[in-house]
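When you read off a place in the sequence shown, starting at 1, and then add 284, the result is the number in our numbering.
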Amino acid sequence: MATADWNPLGEFYYRKAEVYSMEWSGLVDIAKHTVAVSTYGGPIALLKDESKTSRVATVAKPVISVYSAAGKLQNQMRWNSGNIITMGWSGTEELLFIQEDGVVLVYDMFLTFKRTFGMGQEAKDIKILEAKIFPSYQGTGIAVMTTSFRIFLTSNIDSPRIVRLAEIPGLNEAPACWTVVLLDRQPRALVAKGEELFLVDQGGQYQNQRPDLSENSGAIIAMAVSFNSKFLALFTQQGLIWIGTSDIQNKYCEFNTKSFQPPQQLVWCGNGAVVGLWDKLIVVVGPDKDWIRYNMDSPVYLVQEEDGLRIIGNDSHEFLHKIPAVTEQIFKIGSMEPGAVLYEASKEFQKQNQKADEYIRMIKDKLDVAVNQCIQAAGHEPEPTIQRMLLRAASFGKCFLTDYRPEAFVNMCMMLRVLNQVRHHSVGIPLTFTQLEHLSMPVLIDRLVLRKMFGLAVKICQYLKIPDSEGRSRILDHWACFKVQQKSEDEEKLARTISQKLVDVPGVSFSEIASQALELGRKQLAIKLLDYEPRASEQVPLLLKMGQDQAALTKAIDSGDTDLVYTVLLRLRDKSSQDFFMMIRGMPIACSLFIQYCRQQNIKLVEDLYYQEDNSWEEGNCKIIRSYSLDDVEERAKLLEDAMNCFLRCKNDFLAKQTEEQIKLIRYQRKLETDTGRSYADQSLQGTLYQLTVEGNHNMAEKLKKEFKVPDRRFWIMKVYALAESGDWIELDKLSRTKKAPVGIETFIDACMKNKNSLEAKKYLSRVPPELKVKCLVRVGLFREAAEAAIESKSEEDFDYILSRLGSAERQVADQVRALRPQLAIRK
285 MATADWNPLG EFYYRKAEVY SMEWSGLVDI AKHTVAVSTY GGPIALLKDE
335 SKTSRVATVA KPVISVYSAA GKLQNQMRWN SGNIITMGWS GTEELLFIQE
385 DGVVLVYDMF LTFKRTFGMG QEAKDIKILE AKIFPSYQGT GIAVMTTSFR
435 IFLTSNIDSP RIVRLAEIPG LNEAPACWTV VLLDRQPRAL VAKGEELFLV
485 DQGGQYQNQR PDLSENSGAI IAMAVSFNSK FLALFTQQGL IWIGTSDIQN
535 KYCEFNTKSF QPPQQLVWCG NGAVVGLWDK LIVVVGPDKD WIRYNMDSPV
585 YLVQEEDGLR IIGNDSHEFL HKIPAVTEQI FKIGSMEPGA VLYEASKEFQ
635 KQNQKADEYI RMIKDKLDVA VNQCIQAAGH EPEPTIQRML LRAASFGKCF
685 LTDYRPEAFV NMCMMLRVLN QVRHHSVGIP LTFTQLEHLS MPVLIDRLVL
735 RKMFGLAVKI CQYLKIPDSE GRSRILDHWA CFKVQQKSED EEKLARTISQ
785 KLVDVPGVSF SEIASQALEL GRKQLAIKLL DYEPRASEQV PLLLKMGQDQ
835 AALTKAIDSG DTDLVYTVLL RLRDKSSQDF FMMIRGMPIA CSLFIQYCRQ
885 QNIKLVEDLY YQEDNSWEEG NCKIIRSYSL DDVEERAKLL EDAMNCFLRC
935 KNDFLAKQTE EQIKLIRYQR KLETDTGRSY ADQSLQGTLY QLTVEGNHNM
985 AEKLKKEFKV PDRRFWIMKV YALAESGDWI ELDKLSRTKK APVGIETFID
1035 ACMKNKNSLE AKKYLSRVPP ELKVKCLVRV GLFREAAEAA IESKSEEDFD
1085 YILSRLGSAE RQVADQVRAL RPQLAIRK
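This is the structure:
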């Protein structure tokens, strides 16, 4: 009968059912161990202090053992660190050891050390008395009380920030009990001092609160906070259990246990009842003073869960919980709820009894409610046989609903199949449906991965159709990282095994696996694994880290990623310049990219490279470029001399001659600066001549012309424009009258107009040859005169030229010019 093991507690029913027969039966005695159990069906840690159980004096360190929830041994180790004050589990199933010096050591469930941190200098200096591990909104927190009765706390062990809570006035001895409670999302310490409670926070504030206790109830000697941190239970010296809210503002009841001995454990069963343990006696007390008593066959350890209480014993693992309302509605004797009637109808249908039809007719208007009740009850039922019966009833009922959506039914079937699989003793995660809803499926998958149950995790992901990136690929990535830790396996065989398993799996990063292998000192395995990584951007950094410079550069070049090639080149250059140059000489692409980079960033490196290659021509070019980054003239000249010698070595006489003349020019410029006080630096020969002419230093300009053999025409053009810029119109006119001038008179007109002196330009129009007259007239803005000249010469081409330049003429002039066009036709 489904209700045979139900026990009433006020308006509700509680059930204690066996989850596992422990595999450690006959090997472990709970009473001789310090016990720490992880919530949500997590593992069990036992600490056995052999010095306390042995009759012979010994200084042996205690033994730590970790078991699954089914009592299957995961690993053992002998403790070799300091004195342990508290042992417990984090929300991510990490095992925490808090030592008396405040040092916290973090291990995984297989007792592999992960990290450590401290709880502050005071804890280190004066030691700690007690420590509490608690869930917080930031993760898992730790609070410690030092021997000076101060409390220090961190809300997140992953990024610990230690804060000191307010001091309790007049506290001269260790409190009988204290705990951590979450109020307004902030952790606070609740400390008992006699019959008073002090609530202390991080802001240096404390509240002195006296709970509504009966007279002569005695001091508070034990307390427990509910799983959701909303309710509080207190135990007094006179054996009273006080139940109320965690802020002490509301009291539900007081229950007299008639025991002056404090319970070994005071915990909550879910959030609805308080449980006290005395040796082998368990007493469950509800908020209305109702109670249930259980006598156990052997010592046990209690673990409060979100929706119940786990009872760990020497031989069995049991779960005590409140019967969910939907289960009570279906199975309670005499229930006429739609779900109960549908359940009976389904059973009658299986017997081929016509009563099934009568039952369906009774609830035809509430059939959808009945189906949903059966589905929900199946989720809360731990026994697979009853799950199937309830789901069979739901399936039977939904056949009579024409518009029923099956998603809820299908989802529950899938969730129960997963839950039943992980509850199996070989897996040992006894989750309830309520716990799974809170934990979420991705977290359950992660917990299977933590237990190295990769195959099961992959099958669940495939069954639930979880995307590969979030499921299969990620799990196999963890599997591969685990495999590389197996140092007993041959590296060649291991790399082949991993690649065969993962080569077609999308999203798997072989570089991460190789990085894991490298961290473990398996360099050759890492190199072999990197061969399977398709992304060069992932391969190259790890190859560099392993010292595989040649391979890294080759992979970067093959990828076609210029930025990646530059990354490798610069890393290798910083590492060893000599070997680097030798390496890239045989790689044209790498060499070309490096030279291109260095031409902009560090021309000296390019010069060194060409020197090593005995490429004197390019080396000389680099020296010339580099010389113009020097401010000192003599240093620049010296570098140019070196460049000239490079050109001579490679027998490039032209470049050698040009460089020699450049050296001579900068020395002339230096002398000019000394003589005139004006700057000529970084100017070309043409620029120097031009500046000298503008400044009126014609003798020096002539000297330089002869020294550097400047052609006459080039010199004249320069001089014309320089004189025009300087406004030396007399010298310009004098120059224009020189016989056998190498430039035409139009050059003088252009120079005047360039300096916006049309009046001076018009003086030269009379000396312009006929073939250039039209263009020169247009240049000085005489469009009408130019049109008349074009008509006179009967040149349609010249007239078209005038028309194309009319944009800069006044509108009236432009109209007059256009009006002359017919005269050209008449002249022809």
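Where a beta carbon is used, it is the ideal one built from N, C-alpha and C, also for glycine.
* Answer with buried or exposed for tyrosine 298, where buried requires no fewer than 16 other C-beta atoms within 10 angstroms of its C-beta. => Working through the sequence shown from its first residue, we reach residue 298 at position 14. With 16 or more other Cβ atoms within 10 Å, it is buried.
* Alpha carbon to alpha carbon, what distance is there between arginine 756 and lysine 648? -> Position 364 of the sequence shown holds residue 648. Position 472 of the sequence shown holds residue 756. Spanning the two alpha carbons is a distance of roughly 44 Å.
* Cβ-Cβ distance between glutamate 776 and lysine 807 below 8 Å -> Locating residue 776 in the sequence shown gives position 492, where the first residue counts as 1. Locating residue 807 in the sequence shown gives position 523, where the first residue counts as 1. Cβ atoms of glutamate 776 and lysine 807: not closer than 8 Å.
* Asked: Are there 16 or more other CB atoms within 10 angstroms of the CB of valine 350, so buried, or fewer, so exposed?
  -> Residue numbering aside, residue 350 sits at position 66 when the sequence shown is read from its first letter. Label assigned to valine 350: buried.
* Asked: Near aspartate 937, which residues of its chain fall below 7 Å by C-beta distance, leaving aside the five closest residues on each side in sequence?
  -> Translated into positions along the sequence shown, residue 937 becomes position 653. Excluding positions up to five away in sequence, the list is empty.
* Cβ-based burial, tyrosine 627 [other Cβ within 10 Å; buried from 16] -> Position 343 of the sequence shown, counted from the first residue, corresponds to residue 627. When all chains shown are included, tyrosine 627 counts as buried.
* By Cβ distance, which residues of its chain are closer than 7 Å to aspartate 996, with the 5 residues on each side in sequence left out? -> Indexing the sequence shown from 1 puts residue 996 at position 712. If we look at aspartate 996 and ignore the five residues flanking it on each side, its Cβ neighbours are Pro1026.
* Starting from the Cα of aspartate 574, find the closest Cα among Leu293, Ser900, Ile1014, Val768 and give me that residue. => The sequence position of residue 574 within the sequence shown is 290, counting from 1. Answer by Cα proximity: Leu293.
* Asked: In three-state DSSP terms, what is isoleucine 713?
  -> Here residue 713 refers to the residue found at position 429 of the sequence shown. Three-state DSSP puts isoleucine 713 in coil, outside helix and strand.
* **Unbroken beta strand (DSSP E) run spanning asparagine 512, endpoints** => Residue mapping note: residue 512 aligns to position 228 of the sequence shown, counting from 1. Per DSSP, asparagine 512 belongs to no beta strand (DSSP E) and is neither H nor E.
* To do: Could you tell me if valine 733 is buried or exposed, where buried requires 16 or more neighbouring beta carbons within 10 angstroms of its beta carbon?
  => Against the sequence shown, residue 733 aligns to sequence position 449. Per the 10 Å Cβ criterion, buried.
* To do: Label proline 459 either buried or exposed according to how many other C-beta atoms from any shown protein chain fall within 10 Å of its C-beta, with 16 as the threshold for buried.
  => Taking the first residue of the sequence shown as position 1, residue 459 is located at position 175. Classification for proline 459: buried.
* contact_flag[the stretch 947 to 958, the stretch 910 to 923] where n(CB pairs < 8 Å) is 3 or more -> yes
* At which residues does the beta strand (DSSP E) containing tryptophan 763 begin and terminate? -> Numbered from its first residue, the sequence shown carries residue 763 at position 479. No beta strand (DSSP E) contains tryptophan 763, which is instead part of the alpha helix (DSSP H) from 756 to 767.
* To do: On a CA-only basis, which of Trp901, Thr716, Lys990, Asp652 is nearest arginine 701? Give me that one, please.
  => As a working mapping, residue 701 is identified with position 417 in the sequence shown. Ranking Trp901, Thr716, Lys990, Asp652 by Cα distance to arginine 701 puts Thr716 first.
* Between methionine 580 and the rest of its own chain, which residues show a CB-CB distance below 7 Å, the 5 nearest in sequence each way excluded? -> Against the sequence shown, residue 580 aligns to sequence position 296. So the qualifying residues of the chain are Lys564, Ile566, Gly597.
* Asked: Can the beta-carbon of tyrosine 1048 be found closer than 8 Å to that of serine 1010?
  -> Along the sequence shown, one-based indexing puts residue 1048 at 764. Along the sequence shown, one-based indexing puts residue 1010 at 726. The answer is no: Cβ separation not under 8 Å.
* Flag this pair as yes or no: are the beta carbons of leucine 956 and threonine 977 separated by less than 8 Å? => Within the sequence shown, residue 956 is the residue found at index 672, counting from 1. Within the sequence shown, residue 977 is the residue found at index 693, counting from 1. Contact flag unset, no.
* To do: Jot down the residue ranges of each uninterrupted beta strand (DSSP E) in the stretch 357 to 438, minimum 3 residues, whole runs only, in chain order.
  => 357 to 362, 368 to 373, 379 to 383, 387 to 391, 397 to 402, 412 to 420, 423 to 430, 435 to 438
* **First and last residue of the uninterrupted beta strand (DSSP E) at threonine 943** => Sequence index remark: in the sequence shown, residue 943 carries index 659 (1-based). Premise fails: threonine 943 lies in the alpha helix (DSSP H), 937 to 960, not in any beta strand (DSSP E).
* **Buried or exposed by the 16-neighbour rule on C-beta atoms within 10 Å, applied to lysine 639** => Counted from its first residue, the sequence shown places residue 639 at position 355. With fewer than 16 other Cβ atoms within 10 Å, it is exposed.
* List the DSSP bridge partners of proline 1054. => For the purposes of this step, residue 1054 is identified with residue 770 of the sequence shown, where counting begins at 1. DSSP, once it has assigned bridges, lists no residue as partnering proline 1054.
* What residue ranges within the stretch 502 to 574 form continuous alpha helix (DSSP H) runs of no fewer than 4 residues, ordered along the chain? -> none
* Asked: To which residues of the same chain is proline 419 closer than 7 Å at the C-beta, ignoring the five residues directly before and after it?
  -> As a first step, residue 419 must be located in the sequence shown, where it is residue number 135. Correct list, in chain order: Gly375.
* Check whether arginine 494 and tyrosine 421 have beta carbons under 8 Å apart -> Counting from 1 along the sequence shown, the entry for residue 494 is found at position 210. Counting from 1 along the sequence shown, the entry for residue 421 is found at position 137. Result no, Cβ atoms of arginine 494 and tyrosine 421 do not sit closer than 8 Å.
* To do: Check the DSSP bridge columns for serine 600 and list the partner residues they point to.
  => On the sequence shown, residue 600 is found 316 positions in, with the first residue counted as 1. Ser305.
* Asked: Cα-Cα, which of Gly404, Trp1000, Ala965, Ile504 is closest to histidine 982?
  -> As a working mapping, residue 982 is identified with position 698 in the sequence shown. With distances taken between Cα atoms, histidine 982 lies closest to Trp1000.
* Could you work out which residue in Val655, Pro622, Ile435 is closest to methionine 1123 when comparing CA atoms only? => A query on residue 1123 cannot be resolved here, the shown segment of the chain reaching from 285 to 1112 and no further.
* Inter-residue spacing [alpha-carbon to alpha-carbon] between aspartate 915 and alanine 965 -> The residue given as residue 915 occupies position 631 in the sequence shown. The residue given as residue 965 occupies position 681 in the sequence shown. Spanning the two alpha carbons is a distance of roughly 9 Å.
* Residue environment, glutamine 489, which counts as buried when at least 16 other CB atoms sit within 10 Å -> Residue mapping note: residue 489 aligns to position 205 of the sequence shown, counting from 1. So glutamine 489 ends up on the exposed side.
* To do: Rounded to whole angstroms, what's the CA-CA distance from lysine 736 to proline 668? Just pull it up for me.
  => For the purposes of this step, residue 736 is identified with residue 452 of the sequence shown, where counting begins at 1. For the purposes of this step, residue 668 is identified with residue 384 of the sequence shown, where counting begins at 1. Cα-Cα distance, rounded: 26 Å.
* Nearest residue (CA-CA) to glutamine 946, options Lys935, Gly980, Ser911 -> Indexing the sequence shown from 1 puts residue 946 at position 662. Nearest C-alpha to glutamine 946: Ser911.
* Express the C-alpha separation of valine 706 and glycine 739 in angstroms, rounding to a whole number. => Here the question's residue 739 lines up with position 455 in the sequence shown. Here the question's residue 706 lines up with position 422 in the sequence shown. Straight-line Cα distance between these residues: approximately 12 Å.
* Taking the alpha helix (DSSP H) that asparagine 704 falls in, what are its first and last residues? -> For the purposes of this step, residue 704 is identified with residue 420 of the sequence shown, where counting begins at 1. It spans 691 to 707 - the alpha helix (DSSP H) in which asparagine 704 sits, taken as one unbroken run.
* Asked: Under the criterion of a Cβ to heavy atom distance below 7 Å, does proline 495 qualify as lining the ligand PLP?
  -> What this structure holds is no ligand at all, so the ligand PLP is not there to describe.
* Cβ of isoleucine 412 within 8 Å of Cβ of glycine 386? -> In the sequence shown, counting from the first residue as 1, residue 412 sits at position 128. In the sequence shown, counting from the first residue as 1, residue 386 sits at position 102. In this structure, glycine 386 lies closer than 8 Å to isoleucine 412 by Cβ.
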